[in-house]
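K.L.:
One structure, as structure tokens, below. Some questions next.
Numbering (my numbering), first residue to last: 930 to 1146.
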């Protein structure tokens, strides 16, 4: 144990002498190496990485919204208490320097926005944002949308209108009502109701539904 701690101190001393960009990349790579031997390697929070905040891409399907006063409160909290939670994301490149890879936001949309747009936060974080990457295929849009909804609904926060838009996207991806219900944690009738909200009769093509429902045209 003493030998390992001594090696850790030597590593920290070597990293501390690097320029900022190299220092952040070295810290990220070191964390990934340690993450591989961690008993918690299957938990995203075990490996928080620092990525250039402009590379943390906001998703365009987030069914959660925060009013301007609450956004101000979130920024105030991050300034006062520090950034306590990483942005849950998906690594969209999986190669190249960790600090400059594009990461799509899965959860933490508003934290990511503040990291990008708040001058005080951006300056303090040297233009970086903390991310924790979820497992799974980053190219599978349905998987990412499903994860976002699971995070939001677990907190009781989601917009019905944007949920309807997510249903529309999943149908366009070729998902059945049953698959959509499973991905988004809904009942089949809820999926049907959200399909109606889109106002697109084409979403009902080739599908049967109760006479209690009428497609909006």
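The beta-carbon is built from N, C-alpha and C at its ideal position, and this holds for glycine as well.
Since this is a predicted model, take the numbers as computed values, not measurements.
Does DSSP put residue 1112 in a helix, a strand or coil?
P.N.:
Counted from its first residue, the chain shown places residue 1112 at position 183. Helix.
K.L.:
I need the boundaries of the alpha helix (DSSP H) containing residue 934, first residue and last residue.
P.N.:
Taking the chain shown and counting its residues from 1, the one referred to as residue 934 is at position 5. Residue range 931-945 is occupied by the alpha helix (DSSP H) that includes residue 934.
K.L.:
Looking at the unbroken alpha helix (DSSP H) that takes in residue 1042, where does it start and where does it end?
P.N.:
The sequence position of residue 1042 within the chain shown is 113, counting from 1. Taken as a continuous stretch (DSSP letters only), the alpha helix (DSSP H) holding residue 1042 covers 1038-1046.
K.L.:
Rank 1001, 1066 and 1068 by C-alpha distance to the C-alpha of residue 1047 and give the top, closest one.
P.N.:
In the chain shown, residue 1047 corresponds to position 118, counting from 1. Among 1001, 1066 and 1068, the Cα nearest to that of residue 1047 is on 1001.
K.L.:
Who pairs with residue 1018 in a beta bridge, going by DSSP?
P.N.:
Position 89 of the chain shown, counted from the start, is the residue given in the question as residue 1018. Answer is 1034 and 1062.
K.L.:
Look up residue 1057 in the DSSP assignment and give the residues it is bridged to.
P.N.:
The residue labelled residue 1057 in the question sits at position 128 within the chain shown. Residue 1057 pairs with 981.
K.L.:
In this structure, what does DSSP give as the bridge partners for residue 986?
P.N.:
Taking the first residue of the chain shown as position 1, residue 986 is located at position 57. In DSSP, residue 986 forms a bridge with 1033.
K.L.:
Among 954, 937 and 963, which has the Cα closest to the Cα of residue 1024?
P.N.:
Position 95 of the chain shown, counting from 1, holds the residue named residue 1024. Looking at the Cα atoms, 954 is the closest of the given residues.
K.L.:
Please tell me whether residue 1117 and residue 1106 are closer than 8 Å, where the distance is taken between their beta carbons.
P.N.:
By one-based count along the chain shown, residue 1117 stands at place 188. By one-based count along the chain shown, residue 1106 stands at place 177. The answer is yes: Cβ separation under 8 Å.
K.L.:
On a Cα-Cα basis, can you pick out the residue from 1011, 1016 and 1124 that is closest to residue 1052?
P.N.:
If you number the chain shown from 1, residue 1052 lands on position 123. Nearest of 1011, 1016 and 1124 to residue 1052, Cα basis: 1011.
K.L.:
Report back the beta-carbon spacing between residue 982 and residue 1056 to the nearest angstrom; my notes put them in contact at under 8 Å.
P.N.:
On the chain shown, position 53 is the one that residue 982 refers to. On the chain shown, position 127 is the one that residue 1056 refers to. Correct: roughly 6 Å between the Cβ atoms.
K.L.:
Just the C-alpha distance for residue 1100 and residue 1109, rounded to the nearest angstrom, thanks.
P.N.:
On the chain shown, residue 1100 is found 171 positions in, with the first residue counted as 1. On the chain shown, residue 1109 is found 180 positions in, with the first residue counted as 1. When rounded, the distance between both Cα atoms is 8 Å.
K.L.:
Between the C-alpha atoms of residue 989 and residue 1054, what's the straight-line distance to the nearest angstrom?
P.N.:
Here residue 989 refers to the residue found at position 60 when the chain shown is read from its first residue. Here residue 1054 refers to the residue found at position 125 when the chain shown is read from its first residue. Looking at the two C-alpha atoms, the distance is approximately 25 Å.
K.L.:
Quick one: residues in its chain with C-beta nearer than 8 Å to the C-beta of residue 944, no 5 flanking neighbours on either side, listed in chain order?
P.N.:
In the chain shown, the residue the question calls residue 944 occupies position 15. Once the five neighbours on either side are set aside, the close Cβ partners of residue 944 are 952, 955, 956 and 959.
K.L.:
Pick helix, strand or coil for residue 1080, following the three-state DSSP scheme.
P.N.:
If you number the chain shown from 1, residue 1080 lands on position 151. Helix, per DSSP.
K.L.:
Quick one: Cα of residue 1036 to Cα of residue 930, how far?
P.N.:
Mapped onto the chain shown, residue 1036 falls at position 107. Mapped onto the chain shown, residue 930 falls at position 1. Spanning the two alpha carbons is a distance of roughly 37 Å.
K.L.:
Taking 8 Å as the threshold (C-beta atoms), are residue 985 and residue 1018 in contact?
P.N.:
Looking up residue 1018 in the chain shown gives position 89. Looking up residue 985 in the chain shown gives position 56. It is a contact, given that the beta carbons lie within the stated cut-off.
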